[in-house]
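Read the structure below first, then the notes.
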Amino acid sequence: VNDIHSNISKEEFSKKYEEILKKLTNETKAKIYIINIPAIGASNLILPPYNYYFDFKTKEFNEIIKNLTEKYNLKYIDFYSPTKEEFQKSNSYYSKDLFHPSAKGYAFWADIIYKNISF
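Have a look at this one:
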């Protein structure tokens with residue numbers, strides 16, 4: 001999310017993300033799960049046309065993440081789809097800044113992770 005809001009290019013994002021995955025897969029024996037970028041920002045915080053722009057960029061970056069996940073044969077957890085749907089329903093998923101998740105929002109994230117990992 002920070003890279004999107006900092007206007008990092010897709011190429012730079014992809015390069016850095018791949019460097020991280022390469023290092024993790026080559027230098028650890030960790031079980032790695034990749035989580036894509038969630039939908040972030042209450043609808044009354046990021047107004048048109050910026051909401052469309054940030055959503056477009058999020059989808060672009062998520063495609064990069066998905067492709068790299070497949071390249072490195074890692075487990076993929078989709079955060080974007082459930083947060084896009086659920087977080088639009090209520091601002092209670094956001095903290096007072098209407099950008100970061102609230103305790104309820106983080107609990108929702110944790111539930112997504114818990115349902116998608118194996119122990």
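Numbering of the sequence shown is given in the numbering used here, commencing with residue 1 and proceeding in unit increments.
Heads up, the beta-carbon is just placed ideally off N, CA and C, and yes, glycines get one too.
### Task
Can you check the region 68-111 for any beta strand (DSSP E) of at least 3 residues that lies completely inside it and give the ranges in chain order?
Taken in chain order, the unbroken stretches of beta strand (DSSP E) that lie wholly in the region 68-111 and span 3 residues or more are 75-77.
### Task
Whole angstroms is fine: what's the gap from Asn15's alpha carbon to Pro48's?
Checking the sequence, you will find Lys at residue 15 rather than Asn. Cα-Cα distance, rounded: 30 Å.
### Task
Please go through the same chain and pick out, in chain order, the residues whose beta-carbon is closer than 8 Å to the beta-carbon of Asn51, but skip the five residues on each side of it.
Gly41, Ser43
### Task
Determine the burial state of Lys57: buried for a count of at least 16 other Cβ atoms within 10 Å of its Cβ, exposed for fewer.
Burial call: buried.
### Message
Could you tell me the alpha carbon to alpha carbon distance between Asn36 and Lys59, rounded to whole angstroms?
### Response
9 Å
### Task
With distances taken Cα to Cα, identify the nearest neighbour of Ile113 among Ile8, Ile64, Glu19, Tyr33.
Distances from the CA of Ile113 to each of Ile8, Ile64, Glu19, Tyr33 were compared; the closest alpha carbon is that of Tyr33.
### Message
Between the alpha carbons of Lys29 and Lys71, how many angstroms are there, rounded?
### Response
Near 17 Å, if we compare the C-alpha coordinates of Lys71 and Lys29.
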